[in-house]
Each structure stands twice: as structure tokens, then as C-alpha cells.
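Residue numbers (our numbering): 126 to 739.
Presented below is the structure to which this report refers.
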């Protein structure tokens, strides 16, 4: 009754497979159908159409691009598409697969063979042929943002390096990774409607990448070219760009930052001047002469002074104290930043504007410890202090270390962008102060290297080239850690005389013995607990019964919930009953029928019986 339909189905399936094999189509259990957009402009009057191709997934790679290559090589050599790297790096194979823009080389084939996969070229673009879109407009828009570094001064590329701090470099993360595949732009409805005026997500993200670059000096000009109602403000935050980006970037965020810059709600951060940047400015302003060459040569080859063991130990403690102070300040500032982030938006925006003042207050609170104790928190942790560190010197030290950098930062913000001469004046002052700092370092080199005054006054980073050389000589020679300490006569010393000794075999043996004793303790404690547990079980086994002893002393049956009198409470004669009872018999009788001992609950020695576990 049921065999006929099955046989018919099998016959139909066999006939279908035979027909497919005869036609040259692939056969197998995992044959996938692809519907591909076809358009040939060389055929007059030809219209676009969807053409089906069958691919055996067992003989094909896992990606859509593998299937396209297989179709082109084995089935239809006229199929046209772009491809290059096959690793999601070049962006050539961007197309619409299953309704979403993505890269064919990193898009896996849907192994569900009951459904076909539809492949189109990137939407809302002119088609050159098949899956090849016309990218001329897209590349023209990309060229319009001038995607290269532009400087106010002429530079010779390949001859000089353009430095930037680690923090400034991190601002480019999530921007420079764009491969210009146009997946985001062609998925944006605003770009569909205004492709001739609206730049699109990909181009705007690349524009922001060069606007925010600290090495670029033409941010104002770049923004001025986009100051219209179409270039950037046609973005309606639909977020298709962020959803479809195959590199998992966020073009919508970059567009939002551009809007903030265009409306004046944000400004490009002023590049942090670094000693490395000072070298570039110094030598770009004038050719290196004999004096500057001698100074730098002496910085590199000056011989260190011979230091005692105490000074060598003090030298390391000085650096550790400075690092501790810096880390404590960062911890407190980080906690304040988290508190600001948790506040309402209006309050957070207001506090963001006065962030430098908040940091100055935080530093002042931490520096109050110096007024009370005569040393910083980091020095207190390491048993250090400054000699002759009276309150007047503390206040002067705070003025130089904290107030002057804050004032310099705020003054630079007050200078408008159009007053370029004032900015050049600030730059020249930084240059000459750096030169003076270098000369002072050279003069005090044999007494120990120390950081420059400009590093603190202008917020210079300690991880630049000059500071690295300075700290290298400080590590070798000791002395004052910074120029400020030298000018104020703040020499570090131990608060209490340290004990400096040499490591000998006795101390090594003591250290080994201590570690061995510690290991024995660590291993012995679990063993002791295990032995205690085993002993308790052994003692408890006395309470265990077997054979006839499990019979109730009253009813003679195997005891149900076996219970007996607590042996810790004997009767008046010092003898206690050891027989077992059913719980019901125990609670209903007051005397054992075997030994005659009293189980009267009114006896002061009676203790409620406890259940026995076999």
C-alpha cells in the first residue's frame, strides 16, 4: 500500500539525476543553485536577467567567490566580476549577496541546498557588466577629500619623519582600516537619493581620518569644503553603513564627529608638542650647525660618573616614586572621569568643558599630602623624601609642575585659529625653551641626567626620543630626576637610612629554607585535613552496626531509622545502653528489653538519640 509512492519518488529522483547528468549539470547530494545577475552592454537591446547555475558544494570552496570562480572556469567563461586578494583586504569583490552588501571572498556559502542564493552587483550604481559596478563617481568623491597629509610648511616626503604620540595614533584606529569597497555607501538610502552631492559613508570616514590626524595641518580647509547642506549633513543616521561594513567599522560615528566639528560643538585637539617634534621643528627651521651637532654628540657619548651602591639604589627609587605619583594621579582622574560619564548628559557636557580645571583640582588634592608630610605619596611608599622641602618650596614646586602646564594649555585654547602669528610665537617659545633645556641637561650630565623643563611646562611625553636619552643618562649616572628639582634644590634622600647588603650563600640558604618550609606548610595542611577526616570516619565506624546488631531491641525486626542512646551520656552507674531501636520503639519505650537500662527522658543524663547511618 505504501510501497508504490516511495517507488515512484525514487524513480522520479533517479530520472531527474539522470537528466541532470546528461545535460552536464553537477550531480550529488549537496548541489547549490546560484541566481546571478547578468547584463552584457555589448548586446544591443539586451536587458538584465537572472541566470541560474548549479554548483556541487563538495567540489567547491566554502566562499561565494570560490563558487563564482568555479562557475567561470567550468560553466560560463563570460561571467564577469572583480576579484583580487581573496582575503578581504582589497575590496574588489564587493557585491550584493542574499540582499546584503558584502565581500564575496569572506562571505560563506549557505549550505541549505533547498534555497538558491541570489547575487547582484552593488545596488544603485551603474553596471559595467554582470557583477562589475561603475566606481568612477565613488573614486572621484574619494579624491575630492584629498586623502593625504597636508602641512603648512613644505616637506620632502621620505626625508623627514612626522611624529605623533601613541594617544594621537590611537585616534586613527577604526578609520584607516577602510578598504574602499563601497559596501557602506551603496547600502545608504541617502547616498542613493543624492549620490552626486552627498559624499557617502566611506568617503566621509576617510575625510575624518585625515581631519583628525595630528600630523595634518589643513583640518580647517578640509571642513570648509564640506560646509554645505549635502556633503555631510545628508546623513540621517540610518546606520545601514555600520551594519553592512565587512570590516566591522563604524562610519556613522565618524560622520557624527564631522558634524560636531562643522557645527562648532567640537574642535580638533591641538597636537601635543613632543621632544621628538621639537627636533623636527628645530632642524627644519635652520640647518644643523656645529653647536647643535656638538650638543647632540655629547648627549650620546658622554661618559657616566662612578656611583656608589647607595646612589644606584636611590636612583631606581626616585624613578619608582615618580611613576607611583603619576599612576596615583591617573587612578584618581580615571575615577573622576567615570563619575562624569555616569552623570546626566547636560551635566557631563558642562564638566567636560572644565576637565582641565578638574584635573588641576585633583592634582592639588594629591599635592596637599606634600604640605602635610613633606613628601609625595610615591616617596612615602618608598621611604624617600626631599631635603629642605618646606611649604614655600612645595607651593613653588606645585606652581611649576601643575599650574604652568594648565595655564599654557588654556592660553593655547584662547588663541583663535585665524591668529596664526600668535600660534607661531607659541611654537617658537617652545623651541627655544627646549634648546635651553638641552643645554642645561648637557651641563649637568655628569651629575646625573634629568628631564627637561619643557617636558613639564608644555605637557611633553616622557616616551619621546630626547626624554628617552635623558632618562637613559639618569639611569646610568643618577642625580636629579628633573630640571625642576635641580632649580629648586630638591634632592631626594632616604627618610630612614636603608640597609644595603650583599647577597651571600648564607642568605641564599635562608631563602631556600624559607621557601622549602613554606612549601611543606602548603602541602601539609591539606594532608592534615585529610587525616582528620579519615580519623573521624574511623571513630564514627564504631557507631556502625552489621548483622544481628541491626535488630531492634524491642520488636526484634530490622530497625527502621535505627536510633540509640547517645553514648556520651551514660546512666547513673556509668554504663549506657548500646542497643539499637526503631525510631518509633525508641520514642515509645523508656527501658531497653535486652539490658534493662532505663531510657527515661526525665533522667538528667538522657540525651535524645541520634540516627545511625550504615
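Just so it is clear, CB atoms sit at the ideal spot from N, CA and C, and this is done for glycine as well.
Judged by DSSP secondary structure, residue 192 falls within the alpha helix (DSSP H) whose first and last residues are 189 to 195. Residue 258 has 252 as its beta-bridge partners, per DSSP. It is roughly 10 angstroms from the alpha-carbon of residue 156 to the alpha-carbon of residue 185. Counting the other Cβ atoms within 10 Å of the Cβ of residue 290 gives 16 or more, which makes it buried.
A straight-line Cα-Cα distance of about 21 angstroms links residue 167 and residue 248.
In this structure, the alpha-carbon of residue 182 lies about 17 angstroms from that of residue 244. DSSP places residue 281 outside both helix and strand once states are collapsed to three, so it counts as coil. In the pairwise beta carbon analysis, the segment 260 to 270 is classified as not touching the segment 221 to 232: fewer than three pairs are separated by under 8 angstroms.
Annotation for residue 379: 300, 329, 330 and 333 place their beta carbon closer than 7 angstroms to its own, counting only its chain and skipping 5 residues before and after. Comparing alpha carbon positions, the residue from 293, 208, 238 and 297 closest to residue 258 is 208.
Pairing residue 320 with residue 376, the inter-Cα distance amounts to about 17 angstroms.
Per the Cβ contact rule, the segment 495 to 512 is in contact with the segment 445 to 461 (3 or more Cβ pairs under 8 angstroms).
Inter-segment contact for the segment 300 to 318 and the segment 274 to 286 is absent: fewer than three beta-carbon pairs are separated by less than 8 angstroms.
Rounded to the nearest whole angstrom, the CA to CA distance from residue 506 to residue 443 is 11 angstroms.
Counting the other CB atoms within 10 Å of its CB gives residue 383 a total of 16 or more, which places it among the buried residues. Remark: C-beta atoms of residue 527 and residue 476 do not approach each other more closely than 8 angstroms. Distance between residue 327 and residue 309, taken at the CA atoms: about 6 angstroms.
Per DSSP, the unbroken beta strand (DSSP E) holding residue 159 starts and ends at 156 to 163.
Separation of residue 215 and residue 371 (C-alpha to C-alpha, rounded to the nearest whole angstrom) is 12 angstroms. By the criterion of a C-beta distance shorter than 8 angstroms, residue 336 is surrounded in its chain by 344, 347, 348, 383, 386 and 393, once the five residues flanking it on both sides are discounted. Here the C-alpha atom of residue 272 lies approximately 22 angstroms from the C-alpha atom of residue 388. Residue 243: member of the beta strand (DSSP E) spanning 242 to 245, first to last residue. Residue 460 carries a helical assignment under DSSP once its states are collapsed to helix, strand and coil. With fewer than 16 other beta carbons inside 10 angstroms of its own, residue 210 counts as exposed.
Rounded to the nearest whole angstrom, the CA to CA distance from residue 707 to residue 660 is 28 angstroms. Remark: C-beta atoms of residue 178 and residue 161 approach each other more closely than 8 angstroms.
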